[in-house]
Amino acid sequence: MVLLTLMAAVVIGIVRVRNLFSVVVLGGIYSFLMATVMLVLDAVDVAMTEAAVGAGVSTVLMLSVLYLTKTEEHVPQHTPIVPLFVAIVTGAVLVYGTIDKPAFGIADTPMHNHVGARYLEQSIPETGVPNVVTSVLASYRGFDTLGETTVIFTAGIGVLLLMKRRSRKVDRSSDEEQG
Amino acid sequence: MNLVQEILAHYNHWITIFLMVAGLYVVVARGNMVKKLVGLSIFQTSVYLLYLSPGKILGGTPPIIGEGYSGYANPLPHVLILTAIVVGVATLSLGLALVVRINEAYGTIEEDEIFETEEQFQPGEDE
């Protein structure tokens, strides 16, 4: 609970700070806090992934982009009343929706009695893997993982195309300078 | 007493909603592209929290089967969120590559300056 409050505080910082370098560092702190919260929520595999990918790779990517661009954000010209209004209304509707949700941490909710319970019971007899997250990821939902790989592949191709075009353009301009 | 219990029972949902709304606000209100992407990833992580927090059972353990343990957390949201984290980084890197390209084409990553540049070039192209 303390961690969740800390996370909210960090997010307020991210919204208010204008120096993008600080924003990225705060984003790293936020990701590590999120990984700790996931550890508390018994999601150990997800916590490891978030610490490595969310706090590590994302921060490095953001910092390299900041190196290539600018690190200071401009002051917005128009006051953000409409986005604030939209955000507050959305938040109020969502909070109203949570009132009927089951309380935190109880075991007899619908989500614990259907497919999740079946995975937990049948994982050892059917796959022999004690870590249920691994068996679901690689065996029961293997096609999901294949689709995920496709998405990453597509994103990688996209990044490569964007960057390749850039280097060719740089080459051309240097050719023109030489010619 | 009852009110305190009620607040504790839904605190995770409310923080999730706060993070989601903050991410939405950053995406809509801020003109800087990098800031927009940070807001987008905050929105995304709030969804991770939304999925993971109902899967927790108080007094339970992580979903690794072992003798002497009962009451495991639900493994299915963990799997879905593992996929979501990796896909999120892939889309984030694509967005950042686009930001780098925009910075090269326009010399800025601020939305309003990009619009100004567009308007300066628009009449010449029409005529």
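Keeping their order, the protein sequence lines are chains A and B.
Position in the first sequence counted from 1, then plus 32, gives you my numbering.
Position in the second sequence counted from 1, then plus 64, gives you my numbering.
Note that the Cβ used here is the ideal one computed from N, Cα and C, for glycine as well.
Member of the options whose CA lies at the smallest distance from the CA of residue i
i: H146 (chain A); options: B:L140, B:P126 and B:S117; result: B:L140
i: A139 (chain A); options: B:L88, B:N138, B:G171 and B:H74; result: B:N138
i: M94 (chain A); options: B:M97, B:Q69 and B:G123; result: B:M97
i: V121 (chain A); options: B:E70, B:Y75, B:V68 and B:Y89; result: B:Y89
i: L98 (chain A); options: B:I129, B:S157, B:I178 and B:Q184; result: B:S157
i: G188 (chain A); options: B:K120, B:V150, B:Q108 and B:S110; result: B:V150
i: S86 (chain A); options: A:R50, A:V57 and A:Q154; result: According to the sequence provided, residue 86 (chain A) is Gly. The question's Ser does not apply to it. Per the Cα distances, A:V57.
i: W78 (chain B); options: A:T166, A:D132, A:V164 and A:T159; result: A:D132
i: G87 (chain B); options: B:I106, B:T172 and B:T155; result: B:I106
i: V72 (chain A); options: B:L116, B:G95 and B:A161; result: B:L116
i: V114 (chain A); options: B:V91, B:L160 and B:G103; result: B:V91
i: T101 (chain A); options: B:I166, B:E182 and B:E183; result: B:I166
i: S155 (chain A); options: A:R173, A:A75 and A:G123; result: A:R173
Under the three-state DSSP convention, the category residue i falls into
i: Y136 (chain B); result: strand
i: D190 (chain B); result: Bear in mind that the predicted position of D190 (chain B) carries a pLDDT of just 47, short of 50, making it too unreliable to give a figure here.
i: I131 (chain A); result: coil
i: N51 (chain A); result: strand
i: N145 (chain A); result: coil
i: E174 (chain B); result: strand
i: T101 (chain A); result: coil
i: T111 (chain A); result: coil
i: I128 (chain B); result: strand
Outcome for residue i when other beta-carbon atoms lying within 10 angstroms are tallied against a minimum of 16
i: Y128 (chain A); result: exposed
i: M195 (chain A); result: exposed
i: T147 (chain B); result: buried
i: V153 (chain B); result: buried
i: P157 (chain A); result: exposed
i: T37 (chain A); result: exposed
i: Q69 (chain B); result: exposed
i: A169 (chain B); result: exposed
i: V102 (chain B); result: buried
i: N51 (chain A); result: exposed
i: V65 (chain A); result: According to the sequence as given, residue 65 (chain A) is Leu; it is not Val. Burial call: buried.
i: L160 (chain B); result: buried
Whether residue i touches residue j by CB criterion (8 Å)
i: L152 (chain A); j: P118 (chain B); result: no
i: Y112 (chain B); j: I81 (chain B); result: no
i: G148 (chain A); j: I121 (chain B); result: no
i: G59 (chain A); j: T91 (chain A); result: yes
i: V163 (chain B); j: I178 (chain B); result: no
i: L83 (chain B); j: M70 (chain A); result: no
i: V143 (chain B); j: V125 (chain A); result: no
i: A119 (chain A); j: V85 (chain B); result: yes
i: P162 (chain A); j: I71 (chain B); result: no
i: V42 (chain A); j: K99 (chain B); result: no
i: H106 (chain A); j: G95 (chain B); result: yes
Could you list the residues in the segment 67 to 87 of chain B with a C-beta less than 9 Å from some C-beta on chain A, going in chain order? Q69, E70, L72, A73, H74, Y75, N76, H77, W78, I79, T80, I81, F82, L83, M84, V85, A86 and G87
Just by C-beta distance, which residues in the segment 134 to 154 of chain B are closer than 7 Å to chain A? In summary, the residues of the segment 134 to 154 of chain B whose CB is separated from some CB of chain A by less than 7 Å are G135, Y136, A137, N138, P139, L140, H142, V143, I145, L146, T147, I149, V150, V151, V153 and A154, in the order they occur in the chain.
Using a Cβ cut-off of 8 Å, which residues of the segment 117 to 132 of chain A contact any Cβ in chain B, in chain order? For the segment 117 to 132 of chain A, which is checked against every Cβ of chain B, the residues closer than 8 Å are V118, A119, I120, T122, G123, L126, V127, T130 and I131.
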